[in-house]
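Below is one structure, written out as C-alpha coordinates; comments come after it.
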Amino acid sequence: MKIGDHVHIEGYEGVGEIIAIKGNNAEVAMGILKMKVKLEQLSPAGDDEWEEDEVEETSYEGVDTKAKMQTFQFELDVRGKMRDELIPLLTTWTDDAILIGATKAKIVHGRGNGVLRDTVRSFLKKYKEVEKLENEEGGWGDGVTLVTFRN
29 MKIGDHVHIE
39 GYEGVGEIIA
49 IKGNNAEVAM
59 GILKMKVKLE
69 QLSPAGDDEW
79 EEDEVEETSY
89 EGVDTKAKMQ
99 TFQFELDVRG
109 KMRDELIPLL
119 TTWTDDAILI
129 GATKAKIVHG
139 RGNGVLRDTV
149 RSFLKKYKEV
159 EKLENEEGGW
169 GDGVTLVTFR
179 N
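In our numbering, the protein residues as written are 29 to 179.
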(Lines of atoms letter the chains of each structure in order from A and count residues from 1; the text may use other names and numbers.)
(Lines give C-alpha, C1' and ligand atoms only; values in the text may rest on other atoms or scores of the structure.)
Protein backbone atom coordinates (compact mmCIF):
# COMPACT_ATOMS: atom_id res chain seq x y z
CA MET A 1 0.00 0.00 0.00
CA LYS A 2 1.15 3.49 -0.75
CA ILE A 3 0.08 7.12 -0.36
CA GLY A 4 -2.86 7.85 -2.66
CA ASP A 5 -4.28 4.31 -2.56
CA HIS A 6 -8.01 3.97 -1.93
CA VAL A 7 -8.76 1.55 0.89
CA HIS A 8 -11.40 0.05 3.14
CA ILE A 9 -10.77 0.26 6.90
CA GLU A 10 -11.75 -2.78 8.92
CA GLY A 11 -14.86 -1.93 10.93
CA TYR A 12 -15.79 1.20 8.98
CA GLU A 13 -18.10 1.72 6.05
CA GLY A 14 -16.95 3.59 3.00
CA VAL A 15 -13.66 4.12 1.22
CA GLY A 16 -10.75 6.28 2.32
CA GLU A 17 -7.51 7.48 0.82
CA ILE A 18 -4.09 6.91 2.36
CA ILE A 19 -2.52 10.31 2.94
CA ALA A 20 0.52 9.28 5.01
CA ILE A 21 2.39 6.16 6.05
CA LYS A 22 4.75 5.90 9.00
CA GLY A 23 6.09 2.47 9.94
CA ASN A 24 3.18 0.05 10.31
CA ASN A 25 0.60 2.85 10.55
CA ALA A 26 -1.26 4.84 7.94
CA GLU A 27 -3.24 8.05 8.07
CA VAL A 28 -6.42 7.65 6.05
CA ALA A 29 -8.82 10.41 4.99
CA MET A 30 -12.50 9.48 4.77
CA GLY A 31 -14.42 12.57 3.79
CA ILE A 32 -13.40 15.20 6.33
CA LEU A 33 -12.26 12.57 8.84
CA LYS A 34 -8.62 11.62 9.21
CA MET A 35 -7.79 8.43 11.09
CA LYS A 36 -4.55 6.78 12.09
CA VAL A 37 -4.83 3.02 11.67
CA LYS A 38 -2.57 0.01 11.41
CA LEU A 39 -1.75 -1.06 7.86
CA GLU A 40 -3.11 -4.53 8.64
CA GLN A 41 -6.58 -2.97 9.12
CA LEU A 42 -6.61 -1.79 5.49
CA SER A 43 -7.72 -3.58 2.36
CA PRO A 44 -7.57 -2.23 -1.20
CA ALA A 45 -10.67 -0.65 -2.68
CA GLY A 46 -11.39 -0.52 -6.38
CA ASP A 47 -11.09 2.87 -8.06
CA ASP A 48 -14.74 2.54 -9.07
CA GLU A 49 -15.67 2.60 -5.35
CA TRP A 50 -13.95 5.93 -4.69
CA GLU A 51 -16.08 9.04 -4.88
CA GLU A 52 -15.01 12.48 -3.84
CA ASP A 53 -18.23 13.62 -2.26
CA GLU A 54 -19.07 16.99 -0.93
CA VAL A 55 -19.45 16.66 2.81
CA GLU A 56 -22.84 17.60 4.14
CA GLU A 57 -22.74 20.05 6.98
CA THR A 58 -25.15 18.90 9.65
CA SER A 59 -25.94 21.11 12.57
CA TYR A 60 -27.45 20.12 15.90
CA GLU A 61 -28.64 23.27 17.64
CA GLY A 62 -25.48 25.30 17.12
CA VAL A 63 -23.02 22.39 17.30
CA ASP A 64 -20.47 22.50 14.49
CA THR A 65 -20.51 18.82 13.52
CA LYS A 66 -18.05 19.39 10.68
CA ALA A 67 -15.46 20.66 13.17
CA LYS A 68 -16.25 17.77 15.54
CA MET A 69 -15.64 15.28 12.72
CA GLN A 70 -12.31 16.88 11.87
CA THR A 71 -11.01 16.82 15.43
CA PHE A 72 -12.54 13.65 16.88
CA GLN A 73 -9.97 11.12 18.13
CA PHE A 74 -11.11 7.54 17.52
CA GLU A 75 -8.62 6.39 20.16
CA LEU A 76 -8.97 7.89 23.63
CA ASP A 77 -6.07 7.32 26.05
CA VAL A 78 -7.16 7.64 29.69
CA ARG A 79 -4.18 5.94 31.37
CA GLY A 80 -3.23 7.73 34.57
CA LYS A 81 -6.54 9.58 34.89
CA MET A 82 -8.37 9.70 38.20
CA ARG A 83 -11.94 8.38 38.30
CA ASP A 84 -13.41 11.85 38.97
CA GLU A 85 -11.69 13.37 35.93
CA LEU A 86 -12.53 10.36 33.76
CA ILE A 87 -16.33 10.73 33.71
CA PRO A 88 -16.46 14.24 32.17
CA LEU A 89 -13.85 13.18 29.61
CA LEU A 90 -15.81 10.04 28.71
CA THR A 91 -19.06 11.99 28.52
CA THR A 92 -17.68 14.47 25.99
CA TRP A 93 -15.87 11.80 23.97
CA THR A 94 -18.88 9.45 23.81
CA ASP A 95 -21.30 12.26 22.96
CA ASP A 96 -19.00 13.41 20.16
CA ALA A 97 -18.63 9.85 18.82
CA ILE A 98 -22.40 9.49 18.67
CA LEU A 99 -22.81 12.96 17.15
CA ILE A 100 -20.42 12.27 14.26
CA GLY A 101 -21.82 8.78 13.66
CA ALA A 102 -18.73 6.77 14.62
CA THR A 103 -19.23 3.02 14.31
CA LYS A 104 -16.09 1.87 16.14
CA ALA A 105 -13.57 3.47 18.45
CA LYS A 106 -11.28 2.46 21.28
CA ILE A 107 -10.32 3.54 24.75
CA VAL A 108 -6.87 2.76 26.12
CA HIS A 109 -7.06 2.48 29.91
CA GLY A 110 -4.19 0.11 30.62
CA ARG A 111 -4.30 -3.06 32.67
CA GLY A 112 -3.43 -2.05 36.24
CA ASN A 113 -5.94 -3.22 38.83
CA GLY A 114 -8.93 -2.73 36.52
CA VAL A 115 -10.47 0.37 38.11
CA LEU A 116 -10.29 2.45 34.92
CA ARG A 117 -11.50 -0.45 32.74
CA ASP A 118 -14.46 -1.09 35.05
CA THR A 119 -15.30 2.61 35.22
CA VAL A 120 -15.10 3.00 31.43
CA ARG A 121 -17.24 -0.05 30.73
CA SER A 122 -19.91 0.60 33.36
CA PHE A 123 -20.16 4.19 32.12
CA LEU A 124 -20.48 3.20 28.45
CA LYS A 125 -23.12 0.55 29.19
CA LYS A 126 -25.50 3.38 30.13
CA TYR A 127 -25.60 4.56 26.52
CA LYS A 128 -28.22 2.88 24.34
CA GLU A 129 -26.10 3.86 21.33
CA VAL A 130 -23.29 1.56 22.50
CA GLU A 131 -23.84 -1.87 20.99
CA LYS A 132 -20.81 -3.79 22.17
CA LEU A 133 -17.73 -3.49 24.41
CA GLU A 134 -14.85 -5.92 24.06
CA ASN A 135 -11.15 -6.39 24.70
CA GLU A 136 -8.70 -5.65 21.92
CA GLU A 137 -7.36 -8.85 20.38
CA GLY A 138 -3.61 -9.27 20.86
CA GLY A 139 -1.45 -6.37 21.94
CA TRP A 140 -3.11 -4.64 24.90
CA GLY A 141 -5.91 -7.18 25.41
CA ASP A 142 -7.97 -6.14 28.43
CA GLY A 143 -6.01 -2.86 28.64
CA VAL A 144 -8.06 -1.54 25.71
CA THR A 145 -11.83 -1.41 25.33
CA LEU A 146 -13.13 -1.55 21.76
CA VAL A 147 -16.44 0.27 21.46
CA THR A 148 -18.98 -0.55 18.75
CA PHE A 149 -21.76 2.01 18.32
CA ARG A 150 -25.20 1.27 16.88
CA ASN A 151 -25.90 2.75 13.46
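Backbone N, C-alpha and C define an ideal beta-carbon position, used for all residues, glycine too.
Source: prediction; values computed, not measured.
*Apart from the five residues on each side of it in sequence, which residues of its chain come closer than 8 Å, Cβ to Cβ, to Asn53?*
Here residue 53 is taken as the residue at index 25 of the sequence shown, counted from 1. Same-chain partners within the cutoff: Lys64, Val65, Lys66 and Leu67.
*Just the Cα atoms here: how many angstroms apart are Val158 and Gly51?*
If you number the sequence shown from 1, residue 158 lands on position 130. If you number the sequence shown from 1, residue 51 lands on position 23. Rounded to whole angstroms, Val158 to Gly51 spans 32 Å at the Cα level.
*Whose CA, out of Met58, Lys94, Ile49 and Asp33, lies closest to the CA of Ser71?*
Numbered from its first residue, the sequence shown carries residue 71 at position 43. Selected option, being the one with the closest Cα: Asp33.
_Best match in Met110, Tyr155 and Ala130 for proximity to Glu103 [C-alpha to C-alpha]_ = As a working mapping, residue 103 is identified with position 75 in the sequence shown. Of the listed residues, the one whose Cα sits closest to Glu103 is Ala130.
*Does the beta-carbon of Thr173 have 16 or more other beta-carbons within 10 angstroms, so that it is buried, or is it exposed?*
Looking up residue 173 in the sequence shown gives position 145. Looking at its Cβ environment, which holds 16 or more other Cβ atoms inside 10 Å, Thr173 is buried.
*Between the CA atoms of Ala73 and Asp105 - distance to the nearest angstrom*: Stepping through the sequence shown from its first residue, residue 105 is reached at position 77. Stepping through the sequence shown from its first residue, residue 73 is reached at position 45. Their Cα atoms are separated by approximately 30 Å.
*Opposing strand residues paired with Leu174 [DSSP bridges]*: By 1-based counting over the sequence shown, the position of residue 174 is 146. DSSP output for Leu174 lists Lys134 and Glu162 as bridge partner(s).
*asked:* Can you find the residues in the same chain that come closer than 7 Å, C-beta to C-beta, to Leu152, ignoring five residues on each side of it along the sequence?
replied: What you label residue 152 is simply residue 124 of the sequence shown in a count that begins at 1. Counting only Cβ-Cβ distances below 7 Å, and skipping sequence neighbours, we find Thr122, Val158, Leu161 and Val175.
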